[in-house]
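Asker: Provided herewith is a single structure, encoded as structure tokens, for subsequent inquiry.
Okay, structure coming up:
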């Protein structure tokens with residue numbers, strides 16, 4: 001997984017400059033070839049070095065697609081004068097959930113190699129066909145305005161808003177990664193639930209995220225991006241943490257009650273985290289003096305690090321304490337994300 005992590009970070013870093021120079025549709029065409037190539041390479045890899053390189057390739061392709069599609073989403077909103085970003089991300093969450101469910105069933109019948117090769121072929125065809133319907137370079141405004149900078153320093157006064165937004169996004173993605181990767185393990189190892197029951201934590205979280213993202217566009221208009229992220233971080237994080245703190249010790253004596261309580265916590269986390277990615281990305285495009293594609297890329301680089309490294313940190317903490325204590329780390333990060341909603345205010349999303 002280290003290969004895909006580094007590949008995603010590298011791809012996100014390159015994406016902003018490429019989008020600004022060539023347009024998001026062209027970058028999507030490139031990513032549409034690179035990512036399936038990485039998937040196919042994983043199936044054919046015969047040693048650790050080859051596997052690392054193919055994972056890196058897949059990560060680069062994924063990040064190019066991720067940043068480019070997000071940029072396209074912001075342009076669609078601008079052209080049509082309506083919010084769509086949260087719904088776009090809801091479709092991503094729906095696809096991720098369906099893939100997880102179907103993927104688990106498929107692995108019982110076909111080898112991982114065949115599975116990866118088939119997915120690579122399907123993705124290549126689907127990506128290339130869908131890319132033809134996207135906004136072309138002459139319509140996506142990829143150059144930004146005349147005063148927008150395409151090259152920005154790592155640190156400095158002008159880029160500080162991007163760091164606030166990036167760390168806020170990182171904190172929310174730490175929560176998302178931990179809930180997805182560790183939720184079922186918490187119910188299995190710390191609370192003693194059997195197979196089929198412990199998966200309820202992931203299902204509750206994933207479905208809540210899907211719902212919150214489909215409702216997110218209206219919520220962003222009603223509450224405003226900054227307030228919505230603040231509410232999601234503070235209430236989602238607090239309810240999640242309190243629910244786990246109550247449910248874990250209660251599970252030994254009141255199993256059903258504990259199961260309901262812990263799932264309420266994961267639902268709260270999903271509802272809170274859902275609209276955060278769209279809100280932070282949209283806010284990045286409004287930072288003055290910086291080309292929107294470059295701003296999205298910088299915030300995305302910081303955020304992606306949280307998604308990949310967050311669950312690892314949770315695991316390290318759990319190894320030296322317990323998983324129930326380790327899960328307080330993503331809870332704290334989600335609350336931090338709510339606090340950093342002030343970065344959205346400063347960028348006037």
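In full-length UniProt numbering, the protein residues as written are 1 to 349. Virtual Cβ for every residue (Gly too), placed ideally from N, Cα, C. Remember, predicted model here, so these are calculated numbers, not experimental data.
(1) Where do the ends of the alpha helix (DSSP H) carrying residue 176 lie?
(2) Out of 74, 97, 101, 202, state which residue places its alpha-carbon closest to the alpha-carbon of residue 377.
(3) Measuring only the C-alpha atoms, how far is residue 43 from residue 208?
(4) When you compare the CB positions of residue 59 and residue 8, do they come within less than 8 Å of one another, or not?
(5) Could you check if residue 47 is buried or exposed, using at least 16 other CB atoms within 10 Å of its CB as the buried criterion?
(6) If you draw a straight line from the C-alpha of residue 140 to the C-alpha of residue 293, how long is it?
(7) Just the C-alpha distance for residue 197 and residue 101, rounded to the nearest angstrom, thanks.
(8) Under the rule that 16 or more other beta-carbon atoms within 10 Å means buried, what is residue 244, buried or exposed?
(9) Short of 6 Å in beta carbon distance, which residues of its chain neighbour residue 258, apart from the five on each side in sequence? Order them along the chain.
(10) Tell me which residue opens and which closes the alpha helix (DSSP H) that residue 5 is part of.
(11) Rounded to the nearest angstrom, how far is the Cβ of residue 53 from that of residue 171, given a contact under 8 Å?
(12) Are residue 110 and residue 68 close, meaning C-beta to C-beta below 8 Å?
(13) Identify which residue in 322, 342, 242, 310 has its Cα closest to the Cα of residue 280.
(14) Considering residue 248, what are the terminal residues of the alpha helix (DSSP H) in which it resides?
(15) Return the CA-CA distance between residue 221 and residue 116, expressed in angstroms with no decimal places.
(16) Report yes or no: do the region 288-307 and the region 224-237 share at least 3 C-beta pairs separated by less than 8 Å?
(17) Can you tell me the Cα-Cα spacing of residue 268 and residue 237, whole angstroms?
(18) Quick check: the Cα distance between residue 214 and residue 333, rounded to an integer number of angstroms?
(19) Going by other Cβ atoms of all chains shown within 10 Å of its Cβ, with 16 needed for buried, is residue 20 buried or exposed?
(20) Within the chosen definition, does the region 158-174 reach the region 303-317 through at least 3 CB pairs nearer than 8 Å?
(21) Our contact map puts residue 120 next to residue 36 with C-beta atoms below 8 Å; I'd like the distance itself, whole angstroms only.
(22) When the Cα atoms are used, what is the spatial distance from residue 3 to residue 192?
(23) Check this for me: beta carbons of residue 311 and residue 177, under 8 Å apart or not?
(24) What whole-angstrom Cβ distance do residue 317 and residue 325 have, given they're in contact under 8 Å?
(25) So what does DSSP say about residue 190, is it helix, strand or coil?
(26) With a Cβ-Cβ cutoff of 8 Å, do residue 64 and residue 126 count as a contact?
(27) Hey, would you say residue 204 sits closer than 8 Å to residue 263, going by beta carbons?
(28) Would you mind reading off the limits of the alpha helix (DSSP H) that contains residue 52?
(29) Look at the alpha carbon of residue 11 and the alpha carbon of residue 253, and state the distance between them as a whole number of angstroms.
(30) Could you tell me whether the Cβ atoms of residue 212 and residue 275 are closer together than 8 Å?
Answerer: If we stick to the structure as given:
(1) 160-185
(2) The structure shown does not extend to residue 377, since the chain spans only 1 to 349, so no value can be given for it.
(3) 33 Å
(4) yes
(5) exposed
(6) 10 Å
(7) 15 Å
(8) buried
(9) 247, 250, 251
(10) 2-22
(11) In fact, because the Cβ distance is near 31 Å, the residues do not count as touching under 8 Å.
(12) no
(13) 342
(14) Residues 237-250.
(15) If you take the alpha carbons of residue 221 and residue 116, they lie about 40 Å apart.
(16) no
(17) 8 Å
(18) Taking the straight line joining both Cα atoms gives about 24 Å.
(19) buried
(20) Between the region 158-174 and the region 303-317 there are three or more inter-stretch CB-CB distances shorter than 8 Å, so the stretches are counted as touching.
(21) Distance from residue 120 to residue 36 at the Cβ level is roughly 4 Å; contact confirmed, criterion being Cβ atoms closer than 8 Å.
(22) 34 Å
(23) Inclusion of residue 311 and residue 177 in the CB contact set at 8 Å is warranted, their separation being smaller than that value.
(24) 7 Å
(25) helix
(26) Their beta carbons are not under 8 Å apart, which means residue 64 does not touch residue 126 by this criterion.
(27) yes
(28) DSSP places residue 52 in the uninterrupted alpha helix (DSSP H) bounded by 48-80.
(29) The alpha-carbon separation between residue 11 and residue 253 amounts to approximately 49 Å.
(30) yes
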